[in-house]
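K.L.:
I'd like to ask you about the structure that follows.
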Amino acid sequence: MEHPSLTRRIVKVVVAFVVCLEVAWLAMAAIDQRQQPVPPLPDLSRLDVISREELLQVRNHLNSRSAEDWLRLAVLFNVHGYFPEAELCAEVATQLAPIDSRTWFERGLALHQTGRMEQAIEMFKRARPLADRSTAAMCSFCIGRNYLRLERPQEAELEFQKAGSFAPAQFELAKLLIRDHRVDEAEPLVANLLKSDPTEQEYHQLEQRLAIAKGDEPRARLAEFRSEWTSDRRSTDAVIGLLGSRLLEHGLERRFAQVRALARRQQWDTASRIAIEVLSAEWQPRYSSEVVRLNLELREFDHAEDALQKEIELDGLTGERALTLGEIAWQRQQPDLAREHWQQSLAIESFGLAAQRILDAKLMENDAEATRRLTDQASLAAVRQSLLNRNWAQADQRLTGWDRSRTEGPSLQSALFFEGVAAFLQGNITRARESWTALSKEGPQPGRVQRALQLAADHPELTADSPAN
Amino acid sequence: MSTRWLLLAAVVIPLVGIPLLGWIPAGGRLREPFHNASTFPRSELSFQVSSIPPDQSDRPRITNVQILDFDDHGSVDVIVCDARRNAVLRYQRTSDQAWQETTLGSGLIAPAHATCVDLDRDGRRDVLVAVLGNLYPDDSPVGSVVWLQQQPDGTFASRVLLTDVRRVADVQPGDFDGDGDIDLAVAVFGYARGEVLWMENLGNESFIDHRLDYAAGAIHVPVADFDGDGDLDIATVISQETEEVWGYENDGQGRFSRKLLFQTVNYDVGSAGLVASDLDSDGDMDLLLPLGDNLEYRHTFPQPYHGCLWLENLGGWKFATHRIATFGGTYAAAVDDLDGDGDRDVVLVSMFNDWRTTDPASVIWLENDGRQNFTPWQIAAAPTQLSTVACGDLNGDGRPDIVAGCMPVLDTDPQSRRLPVWVNGPETQTSRSLPDRMSAPQTGAP
C-alpha cells in the first residue's frame, strides 16, 4: 500500500509537468504566431475608395493561418492589378493548402500577369490534377497560352489538346494548326466551333483564315461576310474572360452591378444613390452614363446635365452624348435646343438613333425633304440593328414596311445593300443578287457592294444562316 | 506551490493563453514583391524638358504627334491629334518663341492620325484624318476618313471620304495604280472586326475602296517601295489576336498580293504600331515594330517580350527580325539621328511601364553604333503613359528634339502633360525660350 503523501507528490509533479508543457507550448505558439507573415500592403492610393476599403477589410482581418483568407486576399490583389502582391499571398495559400487547386491557380495567374511564364506554367500544372474538370481545362488553356507567350507552339498545342472540348482551347488549337498549314486537322475543330455557336464572329474569322490557307477564296469571302453580320463578341481569350467576370464580383464593379440590377427592377432612387456613390469613388464614362440615365428616369434634369457635361468635358462629345443632351432639352420642353443636339448627334452617327428621336418628337423642320431623309436614316439604323441581331425576319419586315418610293442617294443604296444582305443570309441568293445588281447601277459603289456581288456569284446556291433564337 | 494551485494553473493557462495567442500580431516578413520596371542608364545626351501648352494635366488624350514643316515656311510645326478635344491641331513657333495653336479640324471624334498631303494637287497642303469615332473598344461603324481640304484663304473645309466603316486608325497617301493621282491606304482597326483598304481615286474627288485584308487590329499602313521595283507598296501590322505584319506588293496597277513579313504565336505581344524607316541606311525601307500594348487588360504590367523589333529588309520581301530593345509597355517609336553621328537612332515611349517603382523609364533612346547595335539610354521617367512620339528640330539648332503625347487611360498621373517636349542639347538661350508659353489661339487658318 502506497503512502498518501507520495501519491500527492506524484500528482503534484505530474501537474507541474503539464503546466510546464502548457507554458512551453504557449511560448512556442506565441513565437510562431509572431513569425506569421504580415500580408503585403502596397500603395492603394490609385484604388477607388470602395475597392480600397474592401481590400483593407480583408487584409486587416486576415487570419494568417487560414489558406482561405490568403487566397481571398490574393484574388483581390489580382482583381485590382496588384499582381506581385497577389503572388505573395497566393504563395502562402499554397503552403497552407497544398491540395487546394485554387491556391496554385491563383499563384499561376499572378505569375502570368507579371510575365513570368515558366513559373506560371509550373503553378497551373500543380493546380490541374487537383482541380475539377472545367478548372482543369482552364489550367490547360492557361498553360498553353503561356507556352505561346514563350513562343513554344508545339508544347502549347499539346496543352490545348488536353483541354478537351473547352472552346477557347479548341479555338487556339485550330488557330495554331492553320498557322502551321495543317488545315485538314484544323477543319473539324473549326466545324465544331461553328456548330457550337454560329453567333461568335471569331469562329467565322477563323474559318476565313482556314479557307485562305486552303486557297478557297469563295469560302473565305463567305466566312468574312458571315463574320460581318454577327455579334461583336470576342470571347475566345478565357483569361481575359475570367478577369472580366471577376471584376464584376468585387469592389466598385460589384457596386456598379448592383446599380444595374436595381435599375432593372426600376428602383431608381436607390440605384441613383449608389450610382452617385460609385461615380464619386472613381470617375469613369460608364459610371457617369448610368448616373445620367438614372437622373433622367428620376426627372432630375439638372443633375443629369451636370454629369453629362462633365462627361463631355473629360471624355469628348459622342453621338450618344449629343443624343442624351437632346433628350434632356426635350424633357425640359426646349424643343429647338433638343433638335439642335439631335442634329449634332446625327452629324456624328448618321445612322444613329437621333433620327428616330427627331421623328418621334415631331421636330421635323417644315420641309418634306428633311423629314424623308430622317425617316430613311431611322429606318436604316433599325434594319442594320436587326441584321446584327441575326433577326432576318424583323429586318425583312422593316425593309418591306419602309416606303422607299422617294428614297434616293446614299440612303437608297444602303437600303438596297441591306436588302441584299437580309436575302443572302436567308439563302435567297437570287433576290440578294437582284438588290446588289440594282445598286451597282446607281453609279460607282463602295467596295462592299462589289464584294457582295462576287459573293453572290461564288455561291449561286446556299442554305439560310441560322437566325438568332 | 500547492497541488491545488498547480491544477488551477493547468486549467487556466490554456483557457486564457490560447485566446490571447490570437492577439499577438504577426510580425513575419514576406519577401519583397516582384518588380519589373524597365530602367536604363541616364542618357549621355542632355535634354531640356518642357511642354507645349496648354498643359491640361487632367486626362489628356493625345493619339498622335508629328513634327513637320506644314507650309514649307522654313520652320517646323507640331501636328497633334487630340481625342479629348476631338480636333487636329497645329502648333507653330512664333517670332517671340511662343507656341501658337491653330485648329485645323474640329468635331472629329477621336482622331487617331493626321497625314499632311496635297491631295487635290492645288498647291496647298491638306490634311487626311483617320477618325476612330470612339477611343474605346467599339465595333460599330463609327470610323471615317476625313479630308481637311485647304482653301485659298487658308481655312480648311471638311469632307468625308470614307464612312460606314469601323474605327479608322491610319490613312496614308500614294499613287498605287500609276494614274497620276493620289490614292489612299487605310487601316480600319475596328475592334472585333476590321480591315485594310486601299481607296482608288476615281477623280472628281471620289474614291472607291478595295479590301486588302480582313482582320481586326490594323494600326498603321506605312507606304513605301518596299521591294524596290519602282511602285508604292503598303505594309501593315495586324494586332489584336493576330500579331502579324503584312506587306501588300503592288504590281504598279493597283493589284496587290499579300506577303507575310512577320508573325508570332505570342498573341499577347501587344503590337502598338509600325514605322517605316531605312534604319540601316542601306537604301531600302525597313520596319520598326513597337510592342507593348496591354490595353485589353484593365490593369497592365510590363512584360518581358515588350520592346521594339527591327524588321530588316533583305530584299525580295524577305525581312529579318531583330530585337533592338526590351522595354515594358512600349507604345510608339520614332527614328532620327539624335547624336549627330550619321546613323539612325530610335526613340521609344512607354504607356505601361511598372510605374509604381522608382524611376521607371517613360522615354528612352537607342543609340545606334552604325552597325545596328543599339544601346538604350533613359531620357525621362515622367510624364508616364505616353502614347505617341515624334522627332524633329524644334529650335533650329540642327539637333532633333522629341515631342510626345500623353494618354493616361488607366491611371491618372499628377505629372501628366499633354505634349511633353525634350529639347536635345545643353540648356541654351534658345532651348530656354521654347517652352511653356502660348500666344492667343487661332481657329481655321494656319
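Chains as they are written, first to last, in my numbering: chain A, 1 to 469; chain B, 470 to 915.
Just so you know, even glycine gets a beta-carbon here, dropped at the ideal spot from N, CA and C.
What you are looking at is a predicted structure, and each value in this text was computed from that prediction instead of being measured.
1) Alpha carbons only, please: which of B:L760, B:S520, B:A704 is nearest the one belonging to B:E664?
2) Does chain B have any CB closer than 8 Å to the CB of A:R234?
3) Can you look up B:G874 in the DSSP assignment and give me helix, strand or coil?
4) To the nearest angstrom, how far is it from the Cα of B:G612 to the Cα of A:P446?
5) Output the boundary residues of the alpha helix (DSSP H) element that contains A:Q356.
6) Where does B:A583 sit, in a helix, a strand or coil, going by DSSP?
7) In chain order, what residues of the same chain have a beta carbon less than 6 Å from the beta carbon of B:W824, not counting five sequence neighbours either side?
8) To the nearest angstrom, report how far apart B:R593 and B:R628 are at their CA atoms.
9) Tell me where the beta strand (DSSP E) around B:T795 begins and ends.
10) Specify the secondary structure class of A:H3 as computed by DSSP and reduced to three states.
11) Under the rule that 16 or more other beta-carbon atoms within 10 Å means buried, what is B:R901, buried or exposed?
12) What are the residues of the stretch 601-619 of chain B that lie near chain A, defined by any Cβ-Cβ distance shorter than 7 Å?
13) When the Cα of A:S288 is compared with those of A:E300, A:R299, A:Q344, A:A275, which residue comes out closest?
14) DSSP puts B:F843 in a beta bridge; with which residues?
15) Mind checking A:H181: buried by the 16 CB within 10 Å criterion, or exposed?
16) Thinking just about the alpha-carbon of each residue, which of B:K787, B:A794, B:G797, B:D644 is nearest to the one in B:G721?
17) So that I know if they touch, is there some Cβ in chain A lying closer than 8 Å to that of B:N735?
18) Give the residues of chain B in contact with A:L317, contact being defined as C-beta atoms less than 9 Å apart.
19) Just list the beta strand (DSSP E) runs in the stretch 575-648 of chain B, keeping only unbroken ones of 3 residues or longer that don't cross its boundaries, in chain order.
20) Looking only at its chain, what residues have a beta carbon closer than 6 Å to the beta carbon of A:D465, apart from the 5 residues adjacent to it on each side?
21) Enumerate in chain order the residues of its own chain whose CB-to-CB distance from B:G672 is below 8 Å, with the five nearest sequence positions on each side excluded.
22) Is B:P889 buried or exposed, if buried means 16 or more other CB atoms sit within 10 Å of its CB?
23) Between B:P502 and A:L96, what straight-line distance do the alpha-carbon atoms span, to the nearest angstrom?
24) Output needed for A:L380: all residues of its chain with C-beta closer than 8 Å, excluding positions within five of it in sequence on either side, in chain order.
25) Please confirm if the stretch 808-823 of chain B is in contact with the stretch 750-764 of chain B, defined as three or more CB-CB distances below 8 Å between the two stretches.
26) For the beta strand (DSSP E) containing B:P889, list its first residue and its last residue.
27) Could you tell me which of A:H250, A:L317, A:F77 sits nearest to A:I348, measuring between CA atoms?
28) If you draw a straight line from the C-alpha of A:N391 to the C-alpha of A:D232, how long is it?
29) Identify the residues that DSSP records as bridge partners of B:A656: which are they?
30) With 16 as the cutoff for other CB atoms within 10 Å, does A:N469 come out buried or exposed?
31) Anything in the stretch 658-683 of chain B with a Cβ closer than 8 Å to a Cβ of chain A? List those residues in chain order, please.
32) Excluding the 5 residues flanking A:A281 on each side, which residues of the same chain have their C-beta closer than 7 Å to its C-beta?
33) Got a sec? Which residues, its chain only, sit under 6 Å from A:C142 by beta carbon, not counting five neighbours each side?
34) Starting from A:I240, trace the alpha helix (DSSP H) both ways and give me its first and last residue.
35) Between which two residues does the beta strand (DSSP E) containing A:Y287 stretch?
36) Which value, in whole angstroms, describes the spacing of the CA atoms of A:L399 and A:S345?
P.N.:
Based on what the coordinates show:
1) The residue you call residue 664 of chain B lines up with position 195 of the second sequence. The residue with the shortest Cα to Cα distance from B:E664 is B:A704.
2) In the first sequence, the residue the question calls residue 234 of chain A occupies position 234. Chain B, which has a Cβ nearer than 8 Å to the Cβ of A:R234, makes this yes.
3) The residue you call residue 874 of chain B lines up with position 405 of the second sequence. In the three-state reduction of the DSSP assignment, B:G874 falls in the strand class, which pools E and B.
4) As a first step, residue 612 of chain B must be located in the second sequence, where it is residue number 143. As a first step, residue 446 of chain A must be located in the first sequence, where it is residue number 446. In this structure, the CA atom of B:G612 is about 15 Å from the CA atom of A:P446.
5) Position 356 of the first sequence, counting from 1, holds the residue named residue 356 of chain A. Going by DSSP, A:Q356 is part of the alpha helix (DSSP H) stretching over 354-360.
6) If you number the second sequence from 1, residue 583 of chain B lands on position 114. When DSSP states are grouped into helix, strand and coil, B:A583 belongs to the strand group.
7) Position 355 of the second sequence, counted from the first residue, corresponds to residue 824 of chain B. Correct list, in chain order: T853.
8) By one-based count along the second sequence, residue 593 of chain B stands at place 124. By one-based count along the second sequence, residue 628 of chain B stands at place 159. If you take the alpha carbons of B:R593 and B:R628, they lie about 16 Å apart.
9) Residue 795 of chain B sits at position 326 when you count from the first residue of the second sequence. Here the beta strand (DSSP E) through B:T795 covers 787-795.
10) Residue 3 of chain A sits at position 3 when you count from the first residue of the first sequence. If DSSP states are grouped into helix, strand and coil, A:H3 belongs with coil.
11) As a working mapping, residue 901 of chain B is identified with position 432 in the second sequence. Its pLDDT being 43, under 50, B:R901 is placed unreliably in this model, and the value from its coordinates should be taken loosely. Residue environment analysis places B:R901 among the exposed positions, since fewer than 16 neighbouring C-beta atoms fall within 10 angstroms of its C-beta.
12) Cβ contacts with chain A: N603, D608, V611.
13) Position 288 of the first sequence, counted from the start, is the residue given in the question as residue 288 of chain A. With distances taken between Cα atoms, A:S288 lies closest to A:A275.
14) Counting from 1 along the second sequence, the entry for residue 843 of chain B is found at position 374. B:N837, per the DSSP bridge assignment.
15) Start at 1 with the first residue of the first sequence, and residue 181 of chain A comes out as number 181. In summary, A:H181 is exposed, with fewer than 16 beta-carbon neighbours lying within 10 Å of its beta-carbon over all protein chains present.
16) By 1-based counting over the second sequence, the position of residue 721 of chain B is 252. It is B:D644.
17) Taking the second sequence and counting its residues from 1, one reaches residue 735 of chain B at position 266. Yes, because at least one Cβ of chain A sits closer than 8 Å to the Cβ of B:N735.
18) As a first step, residue 317 of chain A is located in the first sequence; it is residue number 317 there, counting from the start. Taking a Cβ-Cβ cut-off of 9 Å, the neighbours of A:L317 in chain B comprise N555, G576, I578, given in sequence order.
19) Whole beta strand (DSSP E) segments, 3+ residues: 580-586, 595-600, 612-619, 625-634, 637-643.
20) Translated into positions along the first sequence, residue 465 of chain A becomes position 465. A distance below 6 Å between beta-carbons, with the five flanking residues on each side excluded, links A:D465 to the following residues of its chain, in chain order: L425.
21) Here the question's residue 672 of chain B lines up with position 203 in the second sequence. These residues qualify, in order along the chain: D650.
22) The sequence position of residue 889 of chain B within the second sequence is 420, counting from 1. When all chains shown are included, B:P889 counts as buried.
23) The residue labelled residue 502 of chain B in the question sits at position 33 within the second sequence. The residue labelled residue 96 of chain A in the question sits at position 96 within the first sequence. In this structure, the alpha-carbon of B:P502 lies about 19 Å from that of A:L96.
24) Locating residue 380 of chain A in the first sequence gives position 380, counting from the first residue. Within the same chain, A:L380 has close Cβ partners F351, S411, S414, A415, F418.
25) Judged by pairs of C-beta atoms under 8 Å, the stretch 808-823 of chain B touches the stretch 750-764 of chain B, as three or more such pairs exist.
26) Here residue 889 of chain B is taken as the residue at index 420 of the second sequence, counted from 1. Counting along the chain, B:P889 sits inside the beta strand (DSSP E) bounded by residues 889-893.
27) Along the first sequence, read from residue 1 onward, the residue named residue 348 of chain A stands at position 348. When the alpha-carbon of A:I348 is set against those of A:H250, A:L317, A:F77, the nearest one is in A:L317.
28) The residue you call residue 391 of chain A lines up with position 391 of the first sequence. The residue you call residue 232 of chain A lines up with position 232 of the first sequence. About 15 Å.
29) In the second sequence, counting from the first residue as 1, residue 656 of chain B sits at position 187. Answer by DSSP bridge pairing, in chain order: B:D639, B:V665.
30) Along the first sequence, read from residue 1 onward, the residue named residue 469 of chain A stands at position 469. Only weak support exists for where A:N469 lies, its pLDDT of 41 falling under 50; the value from the coordinates is given anyway. Classification of A:N469: exposed, given that the 10 Å Cβ count is below 16.
31) From the stretch 658-683 of chain B, only Y660, A661, R662, L666, L671, S675, I677, D678, H679, R680, Y683 have a Cβ closer than 8 Å to chain A.
32) As a first step, residue 281 of chain A must be located in the first sequence, where it is residue number 281. The answer, listed in chain order, is D48, V49, I50, L252.
33) Translated into positions along the first sequence, residue 142 of chain A becomes position 142. Within the same chain, F124 come within 6 Å of A:C142 by CB-CB distance, once the 5 residues on both sides are set aside.
34) The residue labelled residue 240 of chain A in the question sits at position 240 within the first sequence. Run containing A:I240: 238-247, per the alpha helix (DSSP H) assignment.
35) Reading the first sequence from its first residue, position 287 is the one you call residue 287 of chain A. A:Y287: not part of any beta strand (DSSP E); member of the alpha helix (DSSP H) spanning 285-297, first to last residue.
36) Residue 399 of chain A sits at position 399 when you count from the first residue of the first sequence. Residue 345 of chain A sits at position 345 when you count from the first residue of the first sequence. Going from the Cα of A:L399 to the Cα of A:S345 covers about 24 Å.
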